[in-house]
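Enquirer: Those letters in the sequence shown? Residues 216 to 810, by the numbering used here. Virtual Cβ for every residue (Gly too), placed ideally from N, Cα, C. All values derive from a computational prediction rather than experimental measurement. This is the structure I have questions about; it appears just below.
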Amino acid sequence: MRDSKPRAVAIVGLGAILPDALNTDAFWQNIINKRYSITEVPPERWNPADYYHPDHDAPDKTYSKIGGWVRGFEFDWKKYKIPPKVAAAMDQGQQWAVTVADMALSDYGYPNRSLDTERTAVILGTAMGGELHYLTSLRIFFPEFAHALESVDEFEKLPAGIRRTILEKWHEVMVEAIPPITEDTMPGELPNITSGRVANILNLRGPSFITDAACAASFAAVSAAIEMLTEHQVDAVITGGVDRNMGASTFVKFCKIGALSATGSRPFADGADGFVMGEGAGAFLLKRLEDAERDGDKIYAVIRGVGGASDGKGKGITAPNPIGQQHAIRRAWENANLDPATASLIEAHGTSTRVGDVVEIESLNTIFGNGPKAHSMALGSVKSNIGHLKAGAGAAGLLKTTLALHHRILPPTLNAEHPNPNINFGHTPFYLNTETREWAKTNGTPRRAGVSAYGFGGTNFHLVMEEYIPGALTEKGKTYTGVSIPERGKGTSEIPAPVRGMIALGAATPQELKNKLDAVAAQVEGGWTPGIQAPELETLRASERLFIDFGSREELLSRLHTAQKGMGFDTDSAWKAFQAQGIFRGRGAKKGKLA
Numbered sequence: 216m217r218d219s220k221p222r223a224v225a226i227v228g229l230g231a232i233l234p235d236a237l238n239t240d241a242f243w244q245n246i247i248n249k250r251y252s253i254t255e256v257p258p259e260r261w262n263p264a265d266y267y268h269p270d271h272d273a274p275d276k277t278y279s280k281i282g283g284w285v286r287g288f289e290f291d292w293k294k295y296k297i298p299p300k301v302a303a304a305m306d307q308g309q310q311w312a313v314t315v316a317d318m319a320l321s322d323y324g325y326p327n328r329s330l331d332t333e334r335t336a337v338i339l340g341t342a343m344g345g346e347l348h349y350l351t352s353l354r355i356f357f358p359e360f361a362h363a364l365e366s367v368d369e370f371e372k373l374p375a376g377i378r379r380t381i382l383e384k385w386h387e388v389m390v391e392a393i394p395p396i397t398e399d400t401m402p403g404e405l406p407n408i409t410s411g412r413v414a415n416i417l418n419l420r421g422p423s424f425i426t427d428a429a430c431a432a433s434f435a436a437v438s439a440a441i442e443m444l445t446e447h448q449v450d451a452v453i454t455g456g457v458d459r460n461m462g463a464s465t466f467v468k469f470c471k472i473g474a475l476s477a478t479g480s481r482p483f484a485d486g487a488d489g490f491v492m493g494e495g496a497g498a499f500l501l502k503r504l505e506d507a508e509r510d511g512d513k514i515y516a517v518i519r520g521v522g523g524a525s526d527g528k529g530k531g532i533t534a535p536n537p538i539g540q541q542h543a544i545r546r547a548w549e550n551a552n553l554d555p556a557t558a559s560l561i562e563a564h565g566t567s568t569r570v571g572d573v574v575e576i577e578s579l580n581t582i583f584g585n586g587p588k589a590h591s592m593a594l595g596s597v598k599s600n601i602g603h604l605k606a607g608a609g610a611a612g613l614l615k616t617t618l619a620l621h622h623r624i625l626p627p628t629l630n631a632e633h634p635n636p637n638i639n640f641g642h643t644p645f646y647l648n649t650e651t652r653e654w655a656k657t658n659g660t661p662r663r664a665g666v667s668a669y670g671f672g673g674t675n676f677h678l679v680m681e682e683y684i685p686g687a688l689t690e691k692g693k694t695y696t697g698v699s700i701p702e703r704g705k706g707t708s709e710i711p712a713p714v715r716g717m718i719a720l721g722a723a724t725p726q727e728l729k730n731k732l733d734a735v736a737a738q739v740e741g742g743w744t745p746g747i748q749a750p751e752l753e754t755l756r757a758s759e760r761l762f763i764d765f766g767s768r769e770e771l772l773s774r775l776h777t778a779q780k781g782m783g784f785d786t787d788s789a790w791k792a793f794q795a796q797g798i799f800r801g802r803g804a805k806k807g808k809l810a
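Quick look at the structure:
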């Protein structure tokens with residue numbers, strides 16, 4: 216198996232602008248103090264009298280007027296030496312992205328600490344963009360509204376001069392309230408320029424691009440960032456997500472599919488009736504773990520693995536599908552080479568929807584439900600505090616989990632005193648953690664967490680997180696562990712660390728496996744002795760597998776010859792006799808267990 220340690224990624228800088236929190240410290244204090252940051256729409260955003268109606272069927276109206284709102288933010292355009300007209304044309308989402316990226320760099324210690332800006336990338340998740348483009352579109356389409364008014368019979372009966380004056384005055388009032396369209400308008404509004412804006416202002420010359428995977432956009436960005444780091448394409452990445460789309464039109468459209476709640480956010484709890492929208496941005500400066508340790512960086516937490524999947528064909532494009540979620544979770548833990556049973560915190564997607572919460576627990580239990588005892592994993596969702604940040608949702612969940620690992624605190628989830636009656640938590644390892652608690656280690660295992668983000672349209676991501684223990688993953692001579700995660704109900708297969716030597720062979724057919732065995736035997740007969748190393752991931756996933764434990768070349772040669780004799784047997788019972796001799800054969804994910 217490929218060792219996962221060189222793929223471990225360190226989080227070395229943080230930045231955030233979130234509801235009731237204009238920095239990461241304020242956010243963490245809100246989390247541990249159980250602050251609920253969901254309120255009615257501020258009057259400066261939009262007027263509920265114009266857009267709200269409690270009747271869910273009222274045309275072109277929203278039945279919800281609550282959300283998680285960022286208040287008190289002022290963009291420091293002078294600090295970034297941006298002309299005021301350019302800053303005014305920037306959507307606030309871009310302003311947030313620049314600010315949180317700068318926060319993450321400052322938290323890292325830049326510019327006082329060394330950072331190769333030539334090899335620092337910017338990869339951010341975002342989706343619909345902000346609300347500025349709605350306003351400028353109104354300005355452009357004024358003639359359409361004017362023509363509609365001119366077609367009204369009562370308007371046509373007015374004298375021509377009166378009609379002309381009404382249209383002129385109407386146009387004057389509209390353009391005074393809407394920003395002018397200039398050469399700065401389009402770059403200020405386009406969501407796909409967000410990462411480029413950050414790279415431009417902060418002078419970062421690595422690749423810069425956005426990812427749009429709906430509500431999983433932030434984790435799509437993190438996934439791309441990890442890939443670039445582990446492939447050594449860059450040395451540092453600013454990643455995360457931003458969402459600043461809380462306009463009346465977004466409320467109306469989400470209400471028309473019945474997605475929003477009019478009452479509040481209560482993931483996995485009784486009374487969950489839809490999600491509450493939120494807004495904000497979160498940024499993370501990532502480096503390879505070995506580089507961060509070498510450079511003496513402050514390390515908040517470690518990302519051990521990431522997995523992604525799509526739902527494929529299902530009930531509908533907006534309906535959650537447990538299969539896609541399970542694939543993402545399973546792949547993340549396999550890529551991390553860790554057993555899901557070692558997790559003690561799950562930061563769920565947890566949107567507080569009737570169907571979504573139940574499906575998510577089903578998916579989680581499929582992966583985590585084999586082995587761990589009941590009530591052994593804390594479960595929560597940051598959406599209970601600040602709402603659903605859509606494209607920024609993953610960034611908020613990742614920030615909460617990062618700080619939880621850093622402070623060794625199990626953070627509370629809100630409004631969950633009465634669990635969802637459609638979820639039988641007694642048949643799962645999960646419990647809704649409703650209080651701030653010390654995060655104790657279990658059996659000496661590092662504190663670990665799983666974090667999920669699922670996107671509208673069927674895209675799913677999951678991250679495996681771990682507390683930072685200096686040297687634990689980068690020292691030479693550490694043991695290796697391979698884990699294969701099977702389907703629910705088929706048991707687990709864990710391959711312990713080899714304390715001596717081990718030959719691991721994988722093949723698609725028994726004949727191919729025998730050919731590989733014969734080839735290895737010939738090499739050993741010629742004087743070759745393999746070193747101690749972990750099996751390749753492809754070997755563990757092969758249809759036919761053979762493992763031989765040995766302490767010397769002579770013992771290995773003897774066991775190879777024994778295995779060659781045993782290749783004529785094709786039943787599990789026949790191979791059990793060889794286990795006492797350190798020879799183990801298996802098929803697929805549920806066999807090949809080392810005893």
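Use the C-beta contact count for T341: other C-beta atoms within 10 angstroms, 16 or more gives buried, fewer gives exposed.
Expert: As a working note, residue 341 is residue 126 in the sequence shown. So T341 ends up on the buried side.
Enquirer: Rounded to the nearest angstrom, what separates R459 and M717 at their Cα positions?
Expert: In the sequence shown, residue 459 corresponds to position 244, counting from 1. In the sequence shown, residue 717 corresponds to position 502, counting from 1. One C-alpha to the other measures close to 54 Å.
Enquirer: Terminal residues of the continuous alpha helix (DSSP H) containing S464?
Expert: Translated into positions along the sequence shown, residue 464 becomes position 249. Run containing S464: A463 to C470, per the alpha helix (DSSP H) assignment.
Enquirer: Does DSSP put E820 in a helix, a strand or coil?
Expert: Residue numbering for the chain in the displayed model covers 216 to 810; residue 820 lies beyond these limits and cannot be assessed.
Enquirer: Where Y251 and H603 are concerned, what is the direct C-alpha to C-alpha distance, given to the nearest angstrom?
Expert: Start at 1 with the first residue of the sequence shown, and residue 251 comes out as number 36. Start at 1 with the first residue of the sequence shown, and residue 603 comes out as number 388. Cα to Cα, the separation comes out at about 13 Å.
Enquirer: Spell out a yes or no on whether the region 583–596 and the region 385–404 are touching, meaning 3 or more CB-CB pairs, one atom from each, closer than 8 Å.
Expert: At 8 Å Cβ cutoff, the stretches do not touch.
Enquirer: Have a look at G473, I576 and F469 and flag the residue whose alpha-carbon is nearest the alpha-carbon of P636.
Expert: The residue you call residue 636 lines up with position 421 of the sequence shown. It is I576 whose Cα lies nearest to the Cα of P636.
Enquirer: Let's see if you can read the secondary structure: which residues bound the beta strand (DSSP E) around R354?
Expert: Position 139 of the sequence shown, counted from the first residue, corresponds to residue 354. Looking at the DSSP string, R354 is not in any beta strand (DSSP E); the run it does join, the alpha helix (DSSP H), is L347 to I355.
Enquirer: Apart from the five residues just before and just after E346, which ones in its own chain have a Cβ nearer than 6 Å to its Cβ?
Expert: Residue numbering aside, residue 346 sits at position 131 when the sequence shown is read from its first letter. The answer, listed in chain order, is G462.
Enquirer: According to DSSP, is T617 part of a helix, a strand, or is it coil?
Expert: Position 402 of the sequence shown, counting from 1, holds the residue named residue 617. If DSSP states are grouped into helix, strand and coil, T617 belongs with the helices.
Enquirer: Between which two residues does the alpha helix (DSSP H) harbouring I544 extend?
Expert: Counted from its first residue, the sequence shown places residue 544 at position 329. Counting along the chain, the alpha helix (DSSP H) containing I544 begins and ends at P537 to A551.
Enquirer: Output yes or no for whether 9 Å exceeds the beta carbon distance between G421 and V449.
Expert: Taking the sequence shown and counting its residues from 1, one reaches residue 421 at position 206. Taking the sequence shown and counting its residues from 1, one reaches residue 449 at position 234. Yes, they are a contact pair.
Enquirer: Give a yes or no on whether the C-beta atoms belonging to L229 and L500 are separated by under 9 Å.
Expert: Indexing the sequence shown from 1 puts residue 229 at position 14. Indexing the sequence shown from 1 puts residue 500 at position 285. Taking 9 Å as the Cβ cut-off, L229 and L500 qualify as a contacting pair.
Enquirer: Beta carbon of N536, beta carbon of V573: below 9 Å?
Expert: For the purposes of this step, residue 536 is identified with residue 321 of the sequence shown, where counting begins at 1. For the purposes of this step, residue 573 is identified with residue 358 of the sequence shown, where counting begins at 1. Not closer than 9 Å, so no.
Enquirer: Would you list the one or two residues that DSSP bridges to N675?
Expert: Here the question's residue 675 lines up with position 460 in the sequence shown. N675 pairs with A524 and Y669.
Enquirer: Kindly identify the DSSP beta-bridge partner or partners of R503.
Expert: As a first step, residue 503 is located in the sequence shown; it is residue number 288 there, counting from the start. In DSSP, R503 forms a bridge with V224.
Enquirer: Use the C-beta contact count for F645: other C-beta atoms within 10 angstroms, 16 or more gives buried, fewer gives exposed.
Expert: As a working note, residue 645 is residue 430 in the sequence shown. F645 should be labelled buried.
Enquirer: Starting from E769 and walking both ways along the alpha helix (DSSP H), at which residues does that stretch end?
Expert: Here residue 769 refers to the residue found at position 554 of the sequence shown. Per DSSP, E769 belongs to the alpha helix (DSSP H) from R768 to G781.
Enquirer: Inspect the beta-carbon positions of V337 and A414 and report whether they are closer than 9 Å.
Expert: The residue given as residue 337 occupies position 122 in the sequence shown. The residue given as residue 414 occupies position 199 in the sequence shown. In contact: V337 and A414 (Cβ atoms closer than 9 Å).
Enquirer: Put S279 into one of helix, strand or coil per three-state DSSP.
Expert: Counting from one through the sequence shown, the residue named residue 279 turns up at place 64. Three-state DSSP puts S279 in coil, outside helix and strand.
Enquirer: Span of the alpha helix (DSSP H) holding V735?
Expert: In the sequence shown, residue 735 corresponds to position 520, counting from 1. Here the alpha helix (DSSP H) through V735 covers P725 to E740.
Enquirer: With contact counted as at least three CB pairs below 8 Å, one residue from each stretch, are the region 654–666 and the region 286–297 in contact?
Expert: Flag = no, the region 654–666 and the region 286–297 do not touch.
Enquirer: Within the region 574–661, note down every full alpha helix (DSSP H) run reaching 4 residues or more, in order along the chain.
Expert: Segments of the alpha helix (DSSP H) lying fully in the region 574–661: 598–601 and 608–622.
Enquirer: Please determine if the region 623–631 and the region 648–657 are in contact, where contact requires at least 3 C-beta pairs separated by less than 8 Å.
Expert: A contact exists between the region 623–631 and the region 648–657.
Enquirer: Identify whether T754 lies in helix, strand or coil by the three-state DSSP scheme.
Expert: Counting from 1 along the sequence shown, the entry for residue 754 is found at position 539. T754 falls in the helix class under three-state DSSP.
Enquirer: Please say whether G479 and N630 have beta carbons closer to each other than 9 Å?
Expert: As a position in the sequence shown, residue 630 is number 415, starting the count at 1. As a position in the sequence shown, residue 479 is number 264, starting the count at 1. For N630 and G479, yes; Cβs fall inside 9 Å.
Enquirer: Are the beta-carbon atoms belonging to G522 and N550 less than 9 Å from one another?
Expert: Residue mapping note: residue 522 aligns to position 307 of the sequence shown, counting from 1. Residue mapping note: residue 550 aligns to position 335 of the sequence shown, counting from 1. Yes. Within cutoff.
Enquirer: What residue ranges within the region 256–305 form continuous alpha helix (DSSP H) runs of no fewer than 4 residues, ordered along the chain?
Expert: List check, alpha helix (DSSP H) in window: 263–266 and 299–304.
Enquirer: How would you write the range of the beta strand (DSSP E) that R760 sits in, first residue to last?
Expert: Position 545 of the sequence shown holds residue 760. Unbroken beta strand (DSSP E) run through R760: E759 to F765.
Enquirer: Take F370 and list the residues in its own chain whose beta-carbon comes closer than 6 Å to its own, dropping the five residues that flank it on each side.
Expert: As a working note, residue 370 is residue 155 in the sequence shown. The residues are L364.
Enquirer: Does the distance from the CB of H633 to the CB of S596 come in under 9 Å?
Expert: The residue given as residue 633 occupies position 418 in the sequence shown. The residue given as residue 596 occupies position 381 in the sequence shown. The answer is no: Cβ separation not under 9 Å.
Enquirer: Looking only at C-alpha atoms, which of R768, A451 and P395 sits nearest to A316?
Expert: Here residue 316 corresponds to residue number 101 of the sequence shown, with the count starting at 1. For the residues R768, A451 and P395, the minimum Cα distance to A316 belongs to A451.
Enquirer: Mind listing, in chain order, the continuous beta strand (DSSP E) runs of no fewer than 3 residues lying wholly within the region 320–402?
Expert: Runs found: 335–340.
Enquirer: On the three-state DSSP scale, how would you describe G852?
Expert: Past the boundaries of the shown model lies residue 852; the chain is included only from 216 to 810, so the question cannot be answered.
Enquirer: Which word fits E682, buried or exposed, when buried means at least 16 other C-beta atoms lie within 10 angstroms of its C-beta?
Expert: Locating residue 682 in the sequence shown gives position 467, where the first residue counts as 1. It counts as buried.
Enquirer: Does the Cβ of P234 have 16 or more other Cβ atoms within 10 Å, making it buried, or fewer, making it exposed?
Expert: Position 19 of the sequence shown holds residue 234. By the 10 Å Cβ count, P234 comes out buried.
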